[in-house]
Every structure is written in structure tokens, then in C-alpha cells.
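If you use mature numbering (1 follows the signal peptide of the UniProt record, and there is no 0), the sequence shown corresponds to residues -23 to -1, 1 to 632, in order.
For every residue, glycine included, the Cβ atom is placed at its ideal position computed from N, Cα and C.
Since this is a predicted model, take the numbers as computed values, not measurements.
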Amino acid sequence: MGNMPGICWGFQLLILFVHHCYGFYLPGSYMHTYSTKDAIYAKVNSLTSIETELPFSYYSLPYCKPMGGIKKSAENLGELLMGDQIDNSPYRFRMNVNESLYLCTTSPLNEREVKLLKQRTRDLYQVNMILDNLPVMRITKQNGVNIQWTGFPIGYTPPNSNDDYIINHLKFKVFVHEYEGSGVQIIGTGEEGMGVISEADKTKASGFEIVGFEVIPCSVKYDPEVMTKLHMYDNISSVNCPLELDKSQIIREQERISFTYEVEFVKSDIRWPSRWDAYLKMEGSRVHWFSILNSLMVITFLAGIVFVILLRTVRRDLTRYEELDKEAQAQMNEELSGWKLVVGDVFREPNHSKLLCVMIGDGVQIMGMALVTIVFAALGFMSPASRGMLLTGMIILYLFLGIAAGYIAVCLWRTLKGTAEGWRSLSWSVACFFPGIVFVILTALNFILWGSKSTGAIPISLYFILLSLWFCISVPLTLLGGYLGTRAEPIQYPVRTNQIPREIPARKYPSWLLVLGAGTLPFGTLFIELFFILSSIWLGRFYYVFGFLLIVLLLLIIVCAEVSVVLTYMHLCVEDWRWWWNAFFASGTVSLYVFLYSINYLVFDLQSLSGPVSAILYLGYSMIMAVAIMLATGTIGFITSFYFVHYLFSSVKID
């Protein structure tokens, strides 16, 4: 117990480190400074809803279009896959100029537009606007507490009413910090991401940097006869948000909707590197640090006990055996019990050995990708400012880790078969197994998204890009890894395998029951973090505690390894030499619990999700996540068990 205060201090220091490292900005971004009256245009992202999870283009609704026409922003692979569609907008701000402006008046709404507006309003769709790479934030009061949201609703439906009202007047508040050019220069290449601060000469031009972007949405009824005489960006008088419904803009046929906005610039003490802090500290996405710590400590304690028991048992068996003289050993060999009896069968080739090699290869690839991505994210390389960066990074890592997948799979194949024959076919299988599963599920979901005309659907051009990345980078690298695997030294078994397989004694309980129960321990390390990850994916919250996610992942790796080793040892003790697949699924069954938890989350936490389309999308993506987790955790368990069995039987000299 003497070490406990030290451990607690260590955890507190870790929390402080993780908590503070998010103000640090790394390469990839550029701080814009603006002079007074400089024009700044807001951009619009896809309309999103936590009810349907189907994103739609902003201009699918009758909103005002920019003067020069709609121009799409360049998007990375991750943004395209996430369904982001960032377009320019007519919302123009002039630095430090407070003004109220007119945008446009629509032509009379037809039946289709009214139906669409009403549907999107009832489905709680949000407009996601971006200014200088910051999403717009809306603050609402609930039970006397301020709650922050990103985006603002398309419209609203008053209680006990069949009428819907559109948001057509926006009151923006832009927070600016005066940048005085104090010899600090931000180096970087482009809007997204973050920057490195370096000393520069003190003659840098001063200006203003945008550090906050808020909106108050209103519905205001205007006289279309008066408004149509105005031109875009004409000044209008400031408007107070009306509380009476008869002064709000109703959505119905033949109505002409006028769109206006006003902007107020407010000086702020927030500095540019800290401007994302307000988003990362949102109510509802604050992570319960101590509940995670509690979970980690309980699991570490359990895993420690399991490991100590195991080491003591094995060590006692080995010591007792080695202390005997040769005659006693010979006699003991005749009376052997437990794991020593299966010495001639323990390395017998398992059923479906090719599938096992393929799954281990893919598991190495997925675990490598997850580990490297989370380490980079924990160090701050993948900030929420870089939309789609996390997903793009994961895809690139996965492609290049094909070389490791091919190498490991072929090495295992040679160990099992004793020959490298068939390595090409195996490498192809490794390159196509997991991506093939993902491809089939995504294609099925894509047809659903295409049918809904959602921006979440993967465009045909992106399909060809993904296929070319798969077959031009991933497959050749996996084949190269396989070739290197044929050149590597195969692992030699410490004991010979008998010609005739040994009969396995009957057991009280089926082995799959034990395997199924084993998955609960790794799931215990994961389930609290899983809630926050699912909330960030499905409720549009920012996930930012990558430092903690890294700790959870490392703990998960340790627990998977320990659980699998314990289960393998238990199987060998009851003379069951078919440990290969059991070792894989002992830790791999955690994916089953993850999938069941996802269904639980859908039923109890995503009650807002409406319609079968949304539920099918949710379950499809959850299935991909579960398969990836199964391959990664199963691989950890299998590799640890393999080396444990190898060590166990090379420590005992049995003729």
C-alpha cells in the first residue's frame, strides 16, 4: 500500500499533462490576421441531424446563394467519407464593422420546397456554418444552465402546433483578439490543423484574429414587397427576435422568405491557440476523468491478480519437475497430468489454418493503425480544427501497414505448414479479407444513402479512388510483406508432433462458454470510453481525450494478452490441445460485447434516431467497428498465447 500515494500523484500529473497539451498547436495550420474592414466570408457544411444521421447539402433547401455561384471547398479523403460538403456562402463580414444586412428574398415556396423544409425542421436538422475554420456556436439555457451547441436549427415547431417556422434572421457575434505582432510568427501551410510558434523580427504587421463565433437564430416575418426592393448587402435596421408567433416567418406554400443577418464584433482576451477550448469543454462532452480512472485501476488490479496466479502456478509446475532426478522424471512422465500430456499435439496444425493466418495478418494491420493514430492524436497532430484528418490518417496508415500484415501472415503460415508454398494466395487473401468486408457493408449502406439523396453517400469518383488505393498501394505492399515473410527465419517448435492425434477427454462445460465469458474482462476496460466515442460519432460531439484513449488502448492490449494466456493454460490443463482458435477468440469476443453495447446505445441513448434507414446505417457502421475490434484484439491474444505455449514447452525437456 506504500506505493498508492505515488501512483495517485502519477495519475494526477498524467491528467494535468493530457489536459494542458491541447493548447499546443502543431504544424499544418495558419493563423489569419485581418485588418479593419477586411471582408471575411463564412462557409457552410452539410446539414446534419442526430435524428436521422443522414447529411444533406446546405443548398438542397431554398437558401440565398452567393453572388459568384456555389463553389465547393477542397476536401480531404476523410471529409468526403464523413459526408462533409463544405460550400461558400453569401454571409459576408467586414472586420470590426457592426452591421445589419439584407441577403435575398426567395420566390414563392412551392409544394416540394414546403414539404422539404417542414421535413428537415421536424427531423431537427442543423445548419453548420464555419468562419475562419471555427464552427458557429449557439448557447441555449436549459434548467438555468447554459448549454453550448455547434450549428443552429433550420426552423422550429412550437409545442401543440402543426405549423413550422423557419430561421431567417441570424444575429452573429464574432470574437476577435488584437494581434500586436510581438515577434511571434505562426508557421504553417493552409487553414486546417495547427501551427508551430517561432521567433521572428518585431516588425510584423498587427491585425485581428478570430477567436470565437456565436449565433442567435431568429424567425422574423418581413413584408416581401418592401424587401424585394433591396439588393444583397443593403443595410437594414437592427431586429429584435420576436417572441410572438404571428411576427415569425411561417413555412407554407406561396410564402416569400426574406433572409437577413446582423454581425457584432467583440474584443476578446482569448488568444488564437486557445480558441478551440470553448468547443472542447462543451456541456455533455466533458469526460468523467475519475470514472475512467476508477475503471482502469479496477481492471489493472484484476489483471495483476490473474497474472500473478498464472506465473506462480506455471513456475511451481516447472520447478517441481526440474528438481527431480532422471529416474523420477521418467516415472513422472508416465504419470503426467495436465498440459504435459499434450506435448505431442500442442503444435498440431489447427483447422482452417489459412483463415487464421489471414485474420492474424489483418489484426496486426488494424492494431498498428489504431495505435499509431491514437499516439499521433494524443500528441495533438490531429486536432478537431483539421476536419477529416483523423480518418485520412487512419486510411493512409492502414494502406502502408499492409507490408506488416503480409509479413506476419506468411511467417505464421510457414511455421504451421513448414513450407512457404501458397504464400501468394495467402497474401492476396490478407489484402482482401477485411477491406472486402468493409467494402461490401459500405456499398450496401451507400445504396441506401443514394436512395435518400444524402451527401453522406460516397460519390462514384471516390469509389474509384478508394479501389485504386486498395489495389495500387495496399495489395502490392501486402504481397511485398508476404515475399519478405518467405525470406524470414521460420519459428522452430520446441517439441515434435505425433503422427496420431491424442483423444481429448470429455468435459463438463463446452470450451466456447469459457471463451465467451473471457471477453467480458477486456470489455470492462473499454466500455466507459466507448460511450464517449459513440457520442462523438452519433451525437456530433467533439472527442478530444486521446491521451486517455491511448491509456485505455494500452490497458486493453495488456488485458487481452493476459486473458488469452490464462484461457490457453486452462485448456492445456484439461488436455485440450486445440488452443489456437480459442486463444484468438478469448480476447476477440470483446467485439461481441462491443456490438451488443452499440445496440444498447441505439435503444437507450439514441432514442432520437428515427426511421429504419438511420437504424440500418448505425448497425452497419457498428458491424464494421466490431469486426475491426475482433481482428485486432484476437491477434493480440493469439500472438501472446503462441509465445506463451512456445516458452512453456521449451522450458520442459520431455522426450
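Euclidean distance between Cα positions of residue i and residue j
| i | j | result |
| --- | --- | --- |
| residue 184 | residue 338 | 54 Å |
| residue 329 | residue 343 | 21 Å |
| residue 436 | residue 102 | 22 Å |
| residue 430 | residue 578 | 27 Å |
| residue 371 | residue 348 | 10 Å |
| residue 384 | residue 110 | 42 Å |
| residue 27 | residue 207 | 37 Å |
| residue 296 | residue 495 | 29 Å |
| residue 84 | residue 94 | 15 Å |
| residue 74 | residue 189 | 16 Å |
| residue 181 | residue 157 | Its pLDDT being 45, under 50, residue 181 is placed unreliably in this model, and the value from its coordinates should be taken loosely. Those two C-alpha atoms are separated by around 8 Å. |
| residue 469 | residue 408 | 27 Å |
| residue 424 | residue 100 | 21 Å |
| residue 336 | residue 410 | 8 Å |
| residue 59 | residue 443 | 14 Å |
| residue 340 | residue 497 | 20 Å |
| residue 477 | residue 550 | 20 Å |
| residue 322 | residue 29 | 54 Å |
| residue 623 | residue 531 | 24 Å |
| residue 288 | residue 574 | 33 Å |
| residue 47 | residue 398 | 57 Å |
N- and C-terminal bounds of the beta strand (DSSP E) containing residue i
| i | result |
| --- | --- |
| residue 117 | 114 to 119 |
| residue 71 | 64 to 71 |
| residue 125 | 122 to 127 |
| residue 366 | Element bounds for residue 366: not the beta strand (DSSP E) but the alpha helix (DSSP H), 366 to 377. |
| residue 106 | 106 to 108 |
| residue 236 | 235 to 244 |
| residue 442 | Not the beta strand (DSSP E): residue 442 falls in the alpha helix (DSSP H), residues 437 to 446. |
| residue 79 | 76 to 82 |
Endpoints, the alpha helix (DSSP H) within which residue i is located
| i | result |
| --- | --- |
| residue 548 | 523 to 550 |
| residue 95 | 88 to 99 |
| residue 651 | Limits of the chain in this structure are -23 at one end and 632 at the other, which puts residue 651 out of reach. |
| residue 512 | 497 to 515 |
| residue 256 | 254 to 257 |
| residue 195 | First-last for residue 195: 184 to 195, but that is the beta strand (DSSP E), not the alpha helix (DSSP H). |
Residue i burial status per 10 Å Cβ neighbour count (16 or more: buried)
| i | result |
| --- | --- |
| residue 56 | buried |
| residue 489 | exposed |
| residue 146 | buried |
| residue 548 | buried |
| residue 483 | exposed |
| residue 393 | buried |
| residue 226 | buried |
| residue 203 | exposed |
| residue 246 | exposed |
| residue 175 | Reliability fails at residue 175, whose pLDDT of 40 lies under 50, so the model's placement of it is uncertain and the value that follows must be treated cautiously. Flag for residue 175 reads exposed. |
| residue 633 | Because the chain spans -23 through 632 in this model, residue 633 falls outside it and cannot be assessed. |
| residue 455 | buried |
| residue 366 | buried |
| residue 449 | exposed |
| residue 222 | exposed |
| residue 220 | exposed |
C-beta atoms of residue i and residue j nearer than 9 Å
| i | j | result |
| --- | --- | --- |
| residue 81 | residue 148 | no |
| residue 32 | residue 61 | yes |
| residue 465 | residue 401 | no |
| residue 355 | residue 535 | no |
| residue 638 | residue 572 | What is shown of the chain runs -23 to 632, which leaves residue 638 out entirely. |
| residue 560 | residue 618 | yes |
| residue 541 | residue 458 | no |
| residue 128 | residue 115 | yes |
| residue 500 | residue 546 | no |
| residue 364 | residue 87 | no |
| residue 17 | residue 108 | yes |
| residue 205 | residue 233 | yes |
Nearest neighbour of residue i, chosen from the options [CA to CA]
| i | options | result |
| --- | --- | --- |
| residue 112 | 119, 86 and 150 | 150 |
| residue 104 | 70, 141 and 21 | 21 |
| residue 596 | 83, 494 and 419 | 419 |
| residue 604 | 625, 564 and 224 | 564 |
| residue 453 | 440, 473 and 404 | 404 |
| residue 447 | 396, 248, 200 and 377 | 377 |
| residue 118 | 106, 523, 193 and 18 | 193 |
| residue 606 | 199, 566 and 92 | 566 |
| residue 441 | 416, 503 and 428 | 416 |
| residue 278 | 512, 461 and 502 | 502 |
| residue 152 | 10, 511 and 229 | 10 |
Distance cut-off 8 Å: residue i Cβ against heavy atoms of the ligand MN
| i | result |
| --- | --- |
| residue 420 | Absent from the structure shown: the ligand MN. Ligands present: none. |
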